[in-house]
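In what follows, a single structure is set out as structure tokens and then discussed.
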Amino acid sequence: MPSAPRKEVDIVFDGTFEGFLCVVYAFYYEGITPLSIQTADALQPSLMQEEFFIVTNNDNACKVEKAIRKKISHDAYYTVAYAFLSSADDRFMCMLHYIVYGFKMGHRVDDHLHHDFILRVHKCAREVGREAHLLKGFCRFAETAQGILYCAVTPIHHVLMPLAEHFADRMMEQSWVIHDKRHNKAVVYNGESCVFVDVTPNTVPPIYAENEAQIQELWTSYFNTAAITARKNPKLHRNMLPMRFRGDMVEFGGTGRADSTIS
Amino acid sequence: MDFSQRLKTLTEGAKYDVACTSSGMNRKAKKGMVGSTEACGICHSFTADGRCISLLKMLINNYCEYDCQYCVNRRSSDIPRASMQPHEVADLTMQFYRRNYIEGLFLSSAVIKSPDYTMEMLIKTLALLRGDTYRFNGYIHVKAIPGADEALIQRLGTLADRMSINIELPSERSLTVLAPDKTKPAILAPMKYVKNKILQSKEETAKYRSAEAFVPAGQSTQLIVGATPEADSKIVHLAQGLYKGYGLRRVFYSAYIPVGNDTMLPRYESKDSYRSPTPAFDTGTGLIDKAYGPILMREHRLYQADWLLRFYGFTAGELFKTEEENLSLHLDPKCHWALRNLEQFPVEVNTADYRTLLRVPGIGQISAERIVKARRASKLDFTNLKKMGIVLKRARYFITCNGKMAEKINFRPESIELRLTDNHAVGPYSQLTLADAAYA
Chain Y
1 MPSAPRKEVD IVFDGTFEGF LCVVYAFYYE GITPLSIQTA DALQPSLMQE
51 EFFIVTNNDN ACKVEKAIRK KISHDAYYTV AYAFLSSADD RFMCMLHYIV
101 YGFKMGHRVD DHLHHDFILR VHKCAREVGR EAHLLKGFCR FAETAQGILY
151 CAVTPIHHVL MPLAEHFADR MMEQSWVIHD KRHNKAVVYN GESCVFVDVT
201 PNTVPPIYAE NEAQIQELWT SYFNTAAITA RKNPKLHRNM LPMRFRGDMV
251 EFGGTGRADS TIS
Chain W
1 MDFSQRLKTL TEGAKYDVAC TSSGMNRKAK KGMVGSTEAC GICHSFTADG
51 RCISLLKMLI NNYCEYDCQY CVNRRSSDIP RASMQPHEVA DLTMQFYRRN
101 YIEGLFLSSA VIKSPDYTME MLIKTLALLR GDTYRFNGYI HVKAIPGADE
151 ALIQRLGTLA DRMSINIELP SERSLTVLAP DKTKPAILAP MKYVKNKILQ
201 SKEETAKYRS AEAFVPAGQS TQLIVGATPE ADSKIVHLAQ GLYKGYGLRR
251 VFYSAYIPVG NDTMLPRYES KDSYRSPTPA FDTGTGLIDK AYGPILMREH
301 RLYQADWLLR FYGFTAGELF KTEEENLSLH LDPKCHWALR NLEQFPVEVN
351 TADYRTLLRV PGIGQISAER IVKARRASKL DFTNLKKMGI VLKRARYFIT
401 CNGKMAEKIN FRPESIELRL TDNHAVGPYS QLTLADAAYA
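First to last, the protein sequences are chains Y and W.
Numbered per this note's numbering, the first sequence spans residues 1 to 263.
Numbered per this note's numbering, the second sequence spans residues 1 to 440.
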């Protein structure tokens, strides 16, 4: 490591995971110690200090990925990749600490649970994993007139990536779209590969297939019949299926109901 | 009857079967097929009673030849009857599956004409679903019908992921009284057959690529709780026997909810009768009250005991060491066990091995794993444990950190029990109120 004095700056990067890995690269090879790390689109300009923009370079990102996998562990790489998808404000700084500490400790880094930043990174990764797992079950597709399956979700974290991976396997010969309404992103799958796109908030609701309303009606009726009245338990129901997911679910009258667009 | 009505009727008939898991099998999608399965299972929705919907659970028909008193579909029951064609079931499954409403199909049937005929209907449906028309690769749970030919069970098992044969009543005596068409050997024989087939297919699939998998996610069964006078100890011992002797993946417990007006079964009429988890068998006017609290709690305690058997290294004998026959309703089985075996506590978190940690009330697999990992790097104290997300509500009474106990603990069973139950239901103490006579 060069002996030149380290620069302490507020860092801005482009918001991609590769971009973040380049922040790690800059920490080691350009002597840049971040005071804060922000993404370009969520930048809050500061009066006191100028931001330092880190340019994303795929080669450098690859080097950092390889180093994490080799010197820490594959698990650590997945933990960082999942924590990155979290929407916690402090995640980038914690992840940087985690990686720097990991290069010192090797694969044992995950045992050092007495450090707050390690717990924090684990917690972020766990929350993303949990929400992604729940949405694998709770997200609802509706068939459009063109035969594409459309699904709207409102997750707290950026879970499109794990969802896309799951459905690209499960419905590999079907075209589908998953729309993240909270972060205005979508993933489009055409039967071969996934593309992640930004979407504008006021997207026109799709035109649904002819039998869509009928199938949604069947499902809602099935859902209501399957409950045993004598065992009704609203508190347990809320614990298992939190209210925030219900807004997008057909059986709770959420968005995506085909009959609601007709009127 | 139109399709929607038939679906309702057939759902109504299947919903008292509690199993709705889609777990135990990891299968990636195949080219040209639709669907995959995940080993952890995925819940797609939850009904108002808090039970998960993972599979489309339905009967293929509910015209039953049998007259089992606990069952809503029995011959003598006055309910609408309906049936579906195999292609209707397959079509509905695919439509729901594509929209991500379900993880797969749970298909059951009333016994129509004969067990063999019923099995053939089930096989026809599954074969259609797995065949070229629908190419379904998702999860299928299917009921085997006791008394059917072994060749049919064999064929059905190669199409499904999980197969179940319900025992329903935990003793032979209850079976003769309430389900005159069923016998214990008729239920256990196919379970044994399925077990042996699973073992055989495991061996074959490990050796030969072309070998067909037979019920890869294992078999399960269901026991009804509270319809007959069997005690918890009998039920838990039976479950343990099934796990060990028959290699079952899951035993499900279903609190009995009255589904008809038969005088042989308990009804919940007065406030006193449903306070008891096994209601009195002498029935009167037939008014059904809606408070099922204690029986649902009993079911919950049985599930907790079941988990102790499967994941925590307990045996049924340990849980029922004393003369008590039922699980405690106000304390969970692990706390109950710990209080009766207090000489094994407190446990030192920094040195105790994993299996000992698992026996501490409030510490589960995840917590125990985290403790074992974290203590490699540094000594743990109560603050560390709390930060790591270990729930100390119950555990604090049973552990030490570096030889120290948590503060203010009176290490006597009565005192700990009192605190664990939040002053409910034990001891002579109660919260004073303004209305108390002694206070006035």
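We put the CB at the ideal spot given by N, CA and C, even for glycine.
- With a threshold of 9 Å between beta carbons, Y/I99 makes no contact with chain W.
- From the beta-carbon of Y/D90, no residue of chain W is found nearer than 7 Å; the closest lies around 16 Å away.
- In the DSSP assignment, the residues bridged to Y/P34 are Y/V9.
- Rounded to whole angstroms, the gap between the alpha carbons of W/F345 and W/L357 is 11 Å.
- Your pair W/I235 and W/P170 checks out as a contact, with CB atoms roughly 5 Å apart and the cut at 8 Å.
- By the 16-neighbour rule on beta-carbons within 10 angstroms, Y/I68 is buried.
- Listed in chain order, the beta strand (DSSP E) elements of length 3 or more contained wholly in the region 42 to 127 of chain Y are 51 to 53.
- Here DSSP, grouped into helix, strand and coil, assigns W/T228 to coil.
- With contacts defined by Cβ atoms closer than 9 Å, Y/V197 and Y/A186 form a contacting pair.
- In the displayed model, W/M94 falls within a helix according to three-state DSSP.
- In terms of Cβ geometry, W/L156 and W/I123 form a close pair [threshold 9 Å].
- Using a Cβ distance threshold of 9 Å, W/V18 and W/F136 do not count as a contacting pair.
- Fully enclosed alpha helix (DSSP H) runs of no fewer than 4 residues occupy 212 to 225 of the region 200 to 227 of chain Y, in order along the chain.
- The beta carbon of W/V349 lies closer than 8 Å to those of L357, I371, R375, L380, L385, I399, T400, C401 in the same chain, with the five residues before and after it left out.
- Pairing W/L126 with W/I140 gives a Cβ-Cβ distance under 9 Å.
- For W/L296, the nearest beta carbon of chain Y is closer than 9 Å to its own beta carbon.
- Cβ proximity to chain Y below 8 Å picks out nothing from the region 328 to 345 of chain W.
- Three or more beta-carbon pairs separated by less than 8 Å link the region 16 to 30 of chain W to the region 40 to 54 of chain W, which places the two stretches in contact.
- DSSP lists W/V34 as the bridge partner or partners of W/F136.
- Proximity of W/V89 to chain Y, defined by a Cβ-Cβ separation below 9 Å, is not satisfied.
- Residue contact with chain Y for W/C43: present (Cβ-Cβ distance below 9 Å to some residue of chain Y).
- Residues of chain Y with a Cβ closer than 8 Å to the Cβ of W/I53 are, in chain order, F223, A226.
- Secondary-structure assignment with DSSP links W/R75 through no beta bridge to anything.
- For Y/G254, no Cβ of chain W is located within less than 9 Å of the residue's own Cβ.
- Y/C139 belongs to the set of residues whose beta carbon lies under 9 Å from a beta carbon in chain W.
- DSSP places Y/G19 in the uninterrupted alpha helix (DSSP H) bounded by 17 to 29.
- When rounded, the separation of the alpha-carbon atoms in Y/R91 and Y/V121 is 7 Å.
- For W/Y312, the CB contacts under 6 Å within the same chain, skipping 5 residues up- and downstream, are L358 in chain order.
- Counting along the chain, the unbroken beta strand (DSSP E) around W/S108 starts and ends at 104 to 108.
- W/V215 is positioned such that its CB atom lies closer than 9 Å to that of W/A160.
- Per the C-alpha coordinates, the member of W/G245, W/D181, W/E323, W/I257 positioned closest to W/E65 is W/D181.
- At a cut-off of 9 Å between beta-carbon atoms, W/Y253 makes no contact with chain Y.
- Closer than 8 Å at the C-beta level to chain W, one finds these residues of the region 100 to 121 of chain Y: R108, D110, D111, H112, L113, H114, D116, L119.
- The Cβ of Y/V250 sits closer than 9 Å to at least one Cβ of chain W.
- Interface flag for W/Q85 against chain Y is unset, since no Cβ pair is found closer than 9 Å.
- Contact annotation for Y/A142 against chain W: R99 [CB-CB distance below 8 Å, chain order].
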